[in-house]
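Numbering (the working numbering), first residue to last: 975 to 1791.
Next comes the structure, spelled out in structure tokens:
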């Protein structure tokens, strides 16, 4: 198998990277955690799917993936001269897909189909694939850290012999399971003789139960015949009893109704007599009240006028109040008639004062700005003079330090006798600058005060502010007077508008109300009120007289009908000739026959239950016999299966021992060839003891591996030999070697030796890929790629530093022009 090209898009920390695999020794270098091993994971995922992942499938997609973009890995490889390409992807919603192409044509599609096709194509599952072509540091040193038995087991496991062990363990576990099943079956088998005796007893019990059931059924038949003879006699007697009961009940109801009707007839006759007396009293009161009809009509008229009189008084009072309010509003409005003019004058004076205040404030700000600018100018001048003084003082001190040999600051000649003159000149300049600084300080101090002009402006501003406050108060008072004046005018207009409708309504009311006459008529009405109440009460009662007379006639008719019904019922009762004593005797005989029949039926059901129980017991015995035969047959089968598994377990033990015996010679042969190639022929024989300790034969003599360098060579040869044995068993050529972090425990010298030894294997392996965090190996391999991790973006990228090419996003691109 030969790797050609790998592309990764949104896979783990790789957003978009690709790399070409070349022949020879290739180094992939990067710090721990940068994403080197992720490249191997991408190769495994492309070939074998989720089984080759570290974690779940939903963790594959890069965190930096944009939007709904999918994670995708594409691997091109060559096998037996044929070019294959496998592409595997997973979407943001965790939907997986895979495609396997051969020479540009789709061979399989779908994750399950591609998984099966790759296993069949390579002849190995993902475990065998990684064990064959990939070697990590812990696998390179596996023989050094184990005891003899552990080394044998590790090699056996790497070669896949652990599947044989698992099969043997499963076979033995199945045998132990059968042992438990057989023990359970043997324990649960019943005694066959005891079953035979129980069946005989069950058959006898069933025969006895059938005999008792036949006797019970005969007794039931006899009771049934007796009951059937009594049944028609009882039914006829029941009909007579029912008819007699109906007639008796009817008579009882009719007699009760007749008595009730007689009582009601007597009650209504008494009520008619009382109504006759009330009629006489009603006529007398009616005649007396008729004499006051004229007074009643006059009272009704005065009551109507009295209602309008109250309206007149109410309207008159409202009109008087409105007139008073209108007069008062007119007086108040007159006192405020000049409020508008006063408001105008106050507004004009306030605006003029505010304008003058704004102008004064502007002058104050301008004056202060000028004084601040003057102060800043003076401070700048003082700073400049101080700097000049410091510079002159520095020059003076430097010249004094150098003495007569010092150079003139102007002509660069030695000062000699001119030293004092130059120093005196410096002192004069310094004194002049000090005087100017003093003068400027005094000017700055004077500029810090407000000054006469600014003081006058501030006083004028304060006076204007006080004047404005007074004017604002006057303006506010004028505004209030105008508002009050407008309110008074509005109220005056509103009340004047309400007065006219009230006056018109008052003039339209009727007249003629007589208070004295109205009171006299009210007194007369009050004195006649008892007669009126009595009149209306009697009138209401007399209205019922006709209804009572009608009701009485109806009751008399109902009484006649009820008497006729009573006579008919008594005649029917006499014709029926029913004997209660004979009926009760017949019912007692029928009930006794029914009870006897029920007893017989219960006895039959009881005997049927006994038959059913005896039959069930016999059926259970038959079932136990059948179960005994079935379990006995199953027991024979299980014993045969157990013998088969015991034989199979022993065969697995013999096969495993035979295969383990063959491992060492084959491992010695392949490891010796590799050792010869690794050491360039210096060592050509590697022997492995029964404890799987490796020894080198040098000049015909065996010697143990002592030096660290020899130990590295031997471990590498053994590990590669195991990988080749795995590949040979899978039917694959062993042309690819991937070493993942195998230099971690080696010092620099031993590491350089191992890398150098790998160069000797290029005639055996077309491709050797070394993954490491040690950058120093880049000069010792044929080609090298660097893996770098961006901490801010949390992404990895592949870089070929030899060409200064950044492969992020497009793989190894040609260099930019």
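The beta carbon of each residue, even a glycine, is placed where N, CA and C say it ideally should be. These numbers come from a predicted model, not from an experiment.
- The closest CA to that of residue 1442, considering only 1519, 1320 and 1639, is found on 1320.
- Pairwise C-beta distances place the region 1331–1346 in contact with the region 1416–1435, as three or more of them are shorter than 8 Å.
- Across the structure, residue 1571 and residue 1557 are spaced so that their CA atoms are roughly 21 Å apart.
- In this structure the region 1170–1190 touches the region 1590–1602; the number of beta carbon pairs closer than 8 Å is three or more.
- As for any beta strand (DSSP E) of minimum length 3 sitting wholly inside the region 1012–1056, the runs are 1045–1053, ordered along the chain.
- Between the alpha carbons of residue 1620 and residue 1157 lies a distance of about 16 Å.
- Taking the CA atoms as reference points, residue 1007 sits about 14 Å from residue 1014.
- DSSP places residue 1657 in the coil class of the three-state scheme, outside both helix and strand.
- Per DSSP, the unbroken beta strand (DSSP E) holding residue 1071 starts and ends at 1070–1076.
- In the structure shown, residue 1081 adopts extended strand secondary structure according to DSSP, grouped into three states.
- Residue 988 has 985 as its beta-bridge partners, per DSSP.
- Looking at 1735, 1581 and 1625, the one whose alpha-carbon comes closest to that of residue 1188 is 1581.
- According to the DSSP assignment, residue 1746 belongs to the beta strand (DSSP E) that extends over 1741–1746.
- A distance below 8 Å separates the beta carbons of residue 984 and residue 1035.
- By the C-beta criterion, the region 1252–1270 is judged to be in contact with the region 1512–1521, since at least 3 inter-stretch pairs fall below 8 Å.
- Non-local C-beta neighbours of residue 1009 in its own chain, meaning closer than 8 Å and more than five positions away in sequence, comprise 986, 987, 988, 1761, 1763 and 1770, ordered along the chain.
- Residue environment: residue 1444 is assigned as exposed (fewer than 16 neighbouring CB atoms within 10 Å of its CB, all protein chains considered).
- In the structure shown, residue 1771 falls within a strand segment according to DSSP collapsed to helix, strand and coil.
- Membership of residue 996 in any alpha helix (DSSP H) is not indicated, and neither H nor E is assigned to it by DSSP.
- By a beta-carbon distance limit of 8 Å, residue 982 contacts residue 1016. Their separation comes to about 5 Å.
- The count of Cβ pairs closer than 8 Å, one atom from the region 1412–1419 and one from the region 1363–1372, stays below three, leaving the stretches out of contact.
- With 16 or more neighbouring CB atoms inside 10 Å of its own CB, residue 1004 falls in the buried class.
- Only buried fits residue 1712, as 16 or more other CB atoms lie within 10 angstroms of its CB.
- Within the region 1152–1202, not a single complete beta strand (DSSP E) segment reaches 3 residues in length.
- Secondary structure of residue 1696 (DSSP, three-state): helix.
- About 6 Å separates the beta carbons of residue 1509 and residue 1263, which is inside the 8 Å limit, making them a contact pair.
- Annotation: the continuous beta strand (DSSP E) that includes residue 1713 extends over 1710–1714.
- For residue 1350, the number of other beta carbons within 10 angstroms of its own is below 16, and it is reported as exposed.
- In this structure, residue 979 sits near residue 1050, with a CB-CB distance shorter than 8 Å.
- The beta-bridge partner set that DSSP reports for residue 1759 consists of 1002.
- In the structure shown, residue 1092 adopts helical secondary structure according to DSSP, grouped into three states.
- Here the region 1484–1503 lies against the region 1272–1286, with 3 or more beta-carbon pairs under 8 Å apart.
- Residue 1578 is classed as buried because its beta carbon has at least 16 other beta carbons within 10 Å across all chains shown.
- Counting along the chain, the unbroken alpha helix (DSSP H) around residue 1497 starts and ends at 1489–1501.
- In the structure shown, residue 1484 falls within a coil segment according to DSSP collapsed to helix, strand and coil.
- About 6 Å separates the Cβ atoms of residue 1567 and residue 1204, confirming a contact at the 8 Å cut-off.
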